[in-house]
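This report concerns only the one structure given below.
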Amino acid sequence: MKVTAINGSPKGETSNSREVISIIRGMLDPAIALDVVSQIKQARHPDDSVFPAMAESDVLLIASSLFVDALPASLMAFLERYARYRASLSPAARAKRQRVFAVVNCGFYEGKQNACALKILSHYCAFAGLAWSGGVGIGTGEMIGAVKGVPQKASIRKPVIRKIRDVADAIAHGPDGSLASDGFAQHGLPRFLYKVMGEAGWRAQAKKNGLKPKDLFRRSLESAAR
Amino acid sequence: MKVGILYDSTEPESRALFESVRASAEGLANRIEVIDAGSGTSAPCICCFQCWTKTPGVCVLPRDEGTGFVEKFWDADYLVIISRITWGGYSTRIKSFVDRLIPYLHPYFTIRNGEMHHRFRYDSIPLFLAAGYGARTEGEEATFLEVTEANRDQRGDRLEMGTFIVGRDADAVSAAGACGEWLAKEITR
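Respectively, the protein sequence lines represent chains H and U.
When the letters of the first sequence are read in order and numbered with the working numbering, they come out as residues 24 to 249.
When the letters of the second sequence are read in order and numbered with the working numbering, they come out as residues 885 to 1073.
Pasting the structure below:
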């Protein structure tokens, strides 16, 4: 079996989406080949030479971050190009059944907020002649990379790892493997705590950039308009 | 009242809906700002968050039409997004503009209608109204409704008719009049 994973995050190699792909790679039998295509490299330098290998894989695994309740525009542009490429193939090549799985994450607490993005991907599959096989939406996405050193069975990771494992299992299950329905999860911590930690994280980043916490509240355009 | 309109002049359907929406808004709003996604480019947001943590409120990407998206619309009461329905969401071109609205928001979180969202940088953000056309399936139409409702949830608003969809059996040019009437109703309620 051959899997092509598409890292849909514009943050590229350091993204939480890339980490999701690594987690799934670790769950799959090493005999299953998994290549990673970086969508953001493609956005900078569109290169159709990745498409033939993509079109030959049995599974496409799309990992992405959520942008305004939907997919990042740069990922949409890449998927549009792939659909066009696929439509240009011979009928025999086009007939190859490609299962598509997706894991979309967001910085909000609730995994459910990724539901629309997964539906959009299901409609994309219908449009491009691909077999939508289900997706998972992860909230508290900023933590995916932050807790990667913590054991997967630790209570903080468990809810998210369980959903990611559902995807890995469905991929490995063979040609009929799919999720019964889209799944949603967030890391095992209460919402108020995630909020406090997240906001401390933003202040830490601001400090690194030489700003004070109150600078985060700048009303730049309002000042410009006066 | 200030109304912002985002549309894509490369598509005749979008042009027809835009003309009707603008005519409708002209009688009701004292300020109207327009961005035509078809006559300028908006580089894709790279998710760097520097518009929150380095130059708060200002995008660090080289200046383009996407920069104008934030500057023109940040204090609008309404933002009308006219888009081809693509897989149930906005078209890629329209979405490349929508993705650039992040500087409107503050990195801190708040809870609205039971869900976590971002605080606003300014007093509020524009209320998103959407007019979509060109869906391929009933499912795409249903998802477009959900996506645009989720957009409004970011602000905490629930509207019954905040999204106008040109049905698959209708053509956008002949539905344009109804779209203008819809907008007038929405912004005067």
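Beta carbons: idealized from backbone N, C-alpha and C, even for Gly.
What is the rounded straight-line gap between the Cα of residue i and the Cα of residue j?
| i | j | result |
| --- | --- | --- |
| GLN175/H | LEU51/H | 15 angstroms |
| TRP225/H | GLY35/H | 20 angstroms |
| VAL91/H | ARG1036/U | 11 angstroms |
| PHE957/U | ILE978/U | 15 angstroms |
| ARG241/H | ARG996/U | 22 angstroms |
| LYS171/H | LEU212/H | 16 angstroms |
| VAL165/H | ALA1019/U | Inspection of the sequence shows that residue 165/H is occupied by Glu rather than by Val. Looking at the two C-alpha atoms, the distance is approximately 33 angstroms. |
| ALA900/U | VAL59/H | 42 angstroms |
| ILE194/H | SER898/U | 40 angstroms |
| GLY233/H | GLY221/H | 19 angstroms |
| GLY952/U | ARG185/H | 43 angstroms |
| GLY950/U | ASP189/H | 39 angstroms |
| LEU202/H | PRO236/H | 44 angstroms |
| SER87/H | LYS230/H | 28 angstroms |
| GLY1040/U | ALA56/H | 45 angstroms |
| SER38/H | PHE902/U | 38 angstroms |
| ILE986/U | ASP959/U | 14 angstroms |
| PHE933/U | PRO114/H | 44 angstroms |
| ASP892/U | ARG906/U | 14 angstroms |
| ALA247/H | GLY924/U | 23 angstroms |
Classify residue i as buried or exposed, calling it buried when 16 or more other Cβ atoms lie within 10 Å of its own Cβ.
| i | result |
| --- | --- |
| HIS68/H | exposed |
| HIS196/H | exposed |
| GLY49/H | exposed |
| VAL219/H | exposed |
| SER908/U | buried |
| ARG947/U | exposed |
| PHE993/U | buried |
| LYS25/H | exposed |
| ASP1007/U | exposed |
For residue i, which three-state DSSP category applies?
| i | result |
| --- | --- |
| PHE131/H | coil |
| MET1000/U | strand |
| ILE29/H | strand |
| ILE179/H | coil |
| TRP971/U | coil |
| PHE957/U | helix |
| SER111/H | coil |
| THR894/U | coil |
| ILE1049/U | strand |
| ASP920/U | strand |
Report yes or no: is there a C-beta of chain A within less than 8 angstroms of the C-beta of residue i?
| i | result |
| --- | --- |
| THR1047/U | Here chain A cannot be found, since the structure's protein chains are H and U. |
Output needed for residue i: all residues of its chain with C-beta closer than 7 angstroms, excluding positions within five of it in sequence on either side, in chain order.
| i | result |
| --- | --- |
| ARG109/H | ALA78, ARG117, ALA151 and GLY152 |
| LYS938/U | VAL944 |
| ILE46/H | ILE187 |
Which residues in the same chain have their Cβ closer than 6 angstroms to the Cβ of residue i, if we skip the five residues on either side of it in sequence?
| i | result |
| --- | --- |
| LEU144/H | ALA125 |
| THR1032/U | ALA1014 and THR1047 |
Among the residues of its own chain, which have a CB less than 8 angstroms from the CB of residue i, if the five just before and after it don't count?
| i | result |
| --- | --- |
| VAL1057/U | PRO896, GLU897 and ALA900 |
| LEU1029/U | THR1047 and ILE1049 |
Worksheet entry | Contact list for the stretch 937-952 of chain U against chain H, Cβ threshold 7 angstroms | Correct list: THR937, LYS938, PRO940, GLY941 and VAL942.
Worksheet item: In chain order, what residues of the stretch 961-974 of chain U put their CB closer than 8 angstroms to some CB of chain H?
Response: For the stretch 961-974 of chain U, which is checked against every Cβ of chain H, the residues closer than 8 angstroms are THR970, TRP971, GLY972, GLY973 and TYR974.
Discussion item. Output needed in chain order: residues of the stretch 34-52 of chain H with a Cβ under 7 angstroms from some Cβ in chain U.
Written reply: LYS34
Practice prompt. Could you list the residues in the stretch 83-105 of chain H with a C-beta less than 8 angstroms from some C-beta on chain U, going in chain order?
Written response: For the stretch 83-105 of chain H, the set of positions with a beta-carbon nearer than 8 angstroms to some beta-carbon of chain U reads SER88, PHE90, VAL91, ASP92, ALA93, LEU94, PRO95, ALA96, SER97, MET99, ALA100 and GLU103 in chain order.
Worksheet entry | Interfacial residues, the stretch 905-919 of chain U to chain H, with Cβ spacing under 9 angstroms | Residues of the stretch 905-919 of chain U with a Cβ closer than 9 angstroms to any Cβ of chain H: none.
Practice prompt. Could you run through the stretch 130-147 of chain H and flag, in chain order, every residue whose CB is less than 7 angstroms away from some CB of chain U?
Written response: PHE131, TYR132, GLU133, GLN136, CYS139, LYS142, ILE143, HIS146 and TYR147
Discussion item. At a CB distance below 8 angstroms, what residues from the stretch 998-1028 of chain U approach chain H? Give them in sequence order.
Written reply: GLU999, MET1000, HIS1001, ARG1005, TYR1006, ARG1020, THR1021, GLY1023, GLU1024 and THR1027
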